[in-house]
Each structure stands twice: as C-alpha cells, then as structure tokens.
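Asks: First, the structure itself, so that you have it in front of you.
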Amino acid sequence: MTSIVIFGAGAIGRGFVGALFGAAGWRITFIDVDTALVDRLNADGGYRVVEVSHDGERPVPIDQVGALAFADGGAVAEALAGADLAAVAVGAANLPQVAIALARGLEARARAGAGPLDVLVCENLPDAPAVLTRHATAALAGPAVALGAAHTAIGRMVPVPVPGLAEPTDVRVEPYAFLPYEARAFTGPRPEVPGLVPITGDFAMYDDRKLFVHNMGHCMLAYLGERRGHAFIWQAVADVELRYLVRGAMIQATEALSTGYRVPAGPLAAHVDDLLARFGNAGLADTTERVGRDPLRKMQPDDRMLGAYRACREAGNRPTYLAVAVALGAARLVREDGWDAARVARHLDAALGTADPGRPLIDRAIESLGRGLSVDELVRLVDGVHLADPTF
1 MTSIVIFGAG AIGRGFVGAL FGAAGWRITF IDVDTALVDR LNADGGYRVV
51 EVSHDGERPV PIDQVGALAF ADGGAVAEAL AGADLAAVAV GAANLPQVAI
101 ALARGLEARA RAGAGPLDVL VCENLPDAPA VLTRHATAAL AGPAVALGAA
151 HTAIGRMVPV PVPGLAEPTD VRVEPYAFLP YEARAFTGPR PEVPGLVPIT
201 GDFAMYDDRK LFVHNMGHCM LAYLGERRGH AFIWQAVADV ELRYLVRGAM
251 IQATEALSTG YRVPAGPLAA HVDDLLARFG NAGLADTTER VGRDPLRKMQ
301 PDDRMLGAYR ACREAGNRPT YLAVAVALGA ARLVREDGWD AARVARHLDA
351 ALGTADPGRP LIDRAIESLG RGLSVDELVR LVDGVHLADP TF
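Encoded structure:
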C-alpha cells in the first residue's frame, strides 16, 4: 500500500491532505505534538471528515490511519524512511523544527537504500519550500537522499476544530477539494490522487492567486465584519455593502494577476465569485476573529494586504479598493500591543515608500475608519479618486 507521512494532524493536515490521500486509498501516518490526538487517532484507526454545505452535512470516513508523536524522533525517521511521499501542514513558524525531523528521515532513507523524498508543503508562506529545504539541508549530519519540496495552493477552507465535539477527531470542511501543487519540484513520479492537481508551468500565479485574492478577500471581509458586529464570515459576506467593497478589492487583485502573468481575466473573475459564494457557507461556522487573527503577519510587505496592493501598482493598475483593504489592515494593526498610529505609518512608509500615489487615499480611509465604519464614505473616497485623478 502506498503511504504518506503528514506533519501536522490539524485542520489542513486531517481536513484536506489526509482527506485527499485517504479517499485515494493511501496509508496515512500523522506526526503531531498533541499526544492526546495521536493516541486517539491510533485507537480509532481513522477519523471523519464532515463536508458541510448549504445542502447539509456529509460524513466521509478516513481509515488506514496511524499517528506518531513528534517528539519520538526515531519512529518519525523510520516512518519517513518507508514512505512514498510526505506533506507538511504545521504553520510556517514551525518549519525549522519539522526540517530537522525531515533531515533525520532523509538520512534514514539513505541508510535503507530508499530514493529521494518528495514533500507537499502546505503553508501560507510564499517561500515555504525554500525555507524547509534550507533548514533541512543545514540539519543534515550524514549521507542523505535528496528532498523535493513542492509549493501547494491550499484552497479548501477548514476552520480550526472547536473543543467539545462528540467525536474530537472530526474535521468540518467545505466540499471544495482541489490541491494544485508544483509538479516540477518533484524528484519522483506524480501521485495519482483525485483532487491533487499537478501544475507543470510557473506556480507563482497560483501562489499569488491564493494569497492576493483568496486570503486578502477573506481577511478584508473579516476586518469589515468585525467592525459591523458580525461574528461569522458567512454573516459578513451576506452583508451586501461589505461584499461590494471586498469584491472590488478582489477583482483589482485579479486584474493585477491577469496583467502580470498574462492570463485571461475572465476565469479569475469567476474565481472571485466562486470564493464569495464559498465564504457564505454557514456550516463552516468560521469566525471573523479567527480569519482576522495575526494582523502583523497579514500586513507584511509581500503578504495579502500590502502584497496585493503592490502587485496591482506594479501591473500599472489602480488599487483603489485595495487601498481600503490596506487601511483596514492598518486600522486593525494599531490595536496590537506596542503599536500606535505613528508606528503603523512608519510600517506603511517602509512597505510602500513615502511617495506612493495611493498613500493619501489609504490615509483618508484610515481616518474614516477611525470615526467608525461608513461604507458609503469609503466608497465616496474611492470614487473621488477615480473622478479626480485618472492617473492614480
């Protein structure tokens, strides 16, 4: 039986990667720091993925499952030595620790006479495969096989499991089940797994589409929803005024991708409307608080808010609605410990430069948000730029 080792038995590990490979009949070994979860997965020999949609719920059993504690380095290395494939879904901050475990596995494969190991890197970090490879290489202490670390674009929405479930290993997911990956990074054969989509060309557009369209729109919706008093993402997207602003920003991001990568605009625009419909899946019960969490990471120069704005600017387009997205991120960031308006302004200066033509619009939108959320006022600011300054 073909087998995969998955670092991270959380929302994406169980709810997306494990679900795809389990449905295809692969043997799955999860590696996780949560020993109670490891024990439960071993005791049950599997878990359930519960697909939720407007039509209700559909439980999908995933069997042939085992798990190992991350601290059991010898067992983890042994599992990697015999695996056909690996995946990583642990959160970007944990990649250096996982890389050390991978290095031990690469050495174990060399001792066992096994071939190179390909790894699906399932993280919201554009250079995650390079980070993983760099740390794994640095951790090697002896002969080892090669590592093929491939980008993926995680499109399935899987909220973090809530405590108190009748079946604590259940994972609630949306039906969307397509996982594009960077095929040219693989050293071995491509897995035949339904829903696992090999991208043979430049993968950068898929990375940017996920970050600048999906993640940016999701986050912008969360920040708007919090200000409107919506606890859940589905409530925010059902708010027509909020949806109008978010769709405008998402479309501007797709225009940047269309220009920058020379791909048709129509399918990208259709992707926006599909995402907005999926954001409205009330069964996921995804919260605005969760989606908007960690604003400093989300306001890094190359991340979803500022990155989408900059990509639009570099493509020669006018990022007016994306300026509102940046303002929302800035207004959320100022609430973090150690941040104030002056520090946020310096952060924007460093990311965009002091002469960016859109900076006055961003600043006016921040001022507007300081007085409370008025969608009409934000729209007037955007429309005013379009009417008064066609060169913006």
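Note that full-length UniProt numbering has the sequence shown beginning at 1, numbered continuously upward.
Every residue gets a Cβ at the ideal spot worked out from N, C-alpha and C, and that includes glycine.
Because the structure is a prediction, the values reported are computed rather than measured.
#1: Classify residue 133: buried if its beta carbon has 16 or more other beta carbons within 10 angstroms, exposed otherwise.
#2: Using 8 angstroms as the threshold, is the segment 265–284 in touch with the segment 313–329, meaning 3 or more CB pairs across them?
#3: With 16 other CB atoms within 10 Å as the buried threshold, where does residue 277 fall?
#4: Quick check: what's the CA-CA separation for residue 265 versus residue 83?
#5: Going by the C-beta, is residue 38 closer than 6 angstroms to any heavy atom of the ligand NAP?
#6: Under three-state DSSP, which class holds residue 68?
#7: My understanding is that residue 225 touches residue 321, with C-beta atoms under 8 angstroms, so please give their C-beta distance in whole angstroms.
#8: By Cβ distance, which residues of its chain are closer than 7 angstroms to residue 296, with the 5 residues on each side in sequence left out?
#9: Grouping DSSP H, G and I as helix and E and B as strand, with all else coil, what is residue 27?
#10: Tell me whether the beta-carbon of residue 66 lies closer than 7 angstroms to the beta-carbon of residue 29.
#11: Which of the three DSSP states is assigned to residue 199 in this structure?
#12: Between the segment 13–29 and the segment 142–150, are three or more C-beta pairs nearer than 8 angstroms?
#13: Please report how far the alpha carbon of residue 77 lies from the alpha carbon of residue 112, in whole angstroms.
#14: Taking residue 173 as the reference, give the member of 360, 348, 375 and 52 with the closest Cα.
#15: Opposite residue 223 in the DSSP bridges: which residues?
#16: Kindly identify the DSSP beta-bridge partner or partners of residue 151.
#17: Would you mind working out which of 91, 15 and 125 sits nearest residue 300, comparing C-alpha positions?
#18: Between 370, 365 and 371, which lies nearest to residue 380 when the distance is taken from Cα to Cα?
#19: Taking residue 359 as part of the alpha helix (DSSP H), name the residues at either end of that continuous run.
#20: Cutting at 6 angstroms between CB atoms, please list the residues of its own chain near residue 242, excluding the five before and the five after it.
#21: What did DSSP end up calling residue 160 once you bin it into helix, strand or coil?
#22: Helix, strand or coil for residue 179, going by three-state DSSP, please let me know.
#23: Tell me, please, whether the segment 15–22 touches the segment 55–62 by the rule of three or more beta-carbon pairs shorter than 8 angstroms.
#24: On the DSSP bridge assignment, give the partners of residue 47 in chain order.
#25: How would you call residue 254, buried or exposed, if buried means at least 16 neighbouring beta carbons within 10 angstroms?
#26: Excluding the 5 residues preceding and the 5 following residue 130 in the sequence, name in chain order all residues of the same chain whose CB lies nearer than 8 angstroms to its CB.
#27: If we ignore side chains and look at the alpha-carbon of each, how far apart do residue 74 and residue 31 end up?
#28: In whole angstroms, what is the alpha-carbon distance linking residue 41 and residue 158?
#29: What are the uninterrupted segments assigned as alpha helix (DSSP H) that are 4 or more residues long and contained completely in the segment 313–365, given in chain order?
#30: Just grab the DSSP bridge partners of residue 3 for me.
#31: Taking its Cβ as the centre, do 16 or more other Cβ atoms sit within 10 Å of residue 207, making it buried, or is it exposed?
#32: Rounding to the nearest angstrom, what Cα-Cα distance links residue 54 and residue 284 in this structure?
#33: Please classify residue 244 as buried or exposed, where buried requires at least 16 other C-beta atoms within 10 Å of its C-beta.
#34: Tell me whether residue 32 sits in a helix, a strand or coil according to DSSP, three-state version.
#35: Residue 288: buried (16+ other C-beta within 10 angstroms of its C-beta) or exposed?
#36: What do you get for residue 401, buried or exposed, if any count of 16 or more other CB atoms within 10 angstroms of its CB means buried?
Replies: Put simply:
#1: buried
#2: Flag = no, the segment 265–284 and the segment 313–329 do not touch.
#3: The residue is exposed, with fewer than 16 neighbouring Cβ atoms inside 10 Å.
#4: Computed Cα separation, rounded: 40 angstroms.
#5: The ligand NAP is not among the ligands present in this structure, which contains no ligands whatsoever.
#6: strand
#7: That pair is no contact at about 16 angstroms.
#8: 333 and 336
#9: Strand, per DSSP.
#10: yes
#11: Looking at residue 199 - three-state DSSP - the assignment turns out to be strand.
#12: no
#13: 11 angstroms
#14: The option with the nearest alpha carbon to residue 173 is 52.
#15: DSSP output for residue 223 lists no bridge partner at all.
#16: 121
#17: 125
#18: 365
#19: The continuous alpha helix (DSSP H) containing residue 359 extends over residues 359–370.
#20: 224 and 236
#21: coil
#22: strand
#23: yes
#24: Its beta-bridge partners are 62.
#25: buried
#26: 149
#27: 12 angstroms
#28: 19 angstroms
#29: 320–333 and 341–352
#30: 27
#31: Under this definition residue 207 is a buried residue.
#32: Each residue's Cα considered, the two are about 10 angstroms apart.
#33: Residue burial is scored here from C-beta neighbours: residue 244 has fewer than 16 other C-beta atoms within 10 angstroms and is therefore classed as exposed.
#34: strand
#35: buried
#36: This structure gives no information on residue 401, because the portion of the chain shown stretches from 1 to 392.
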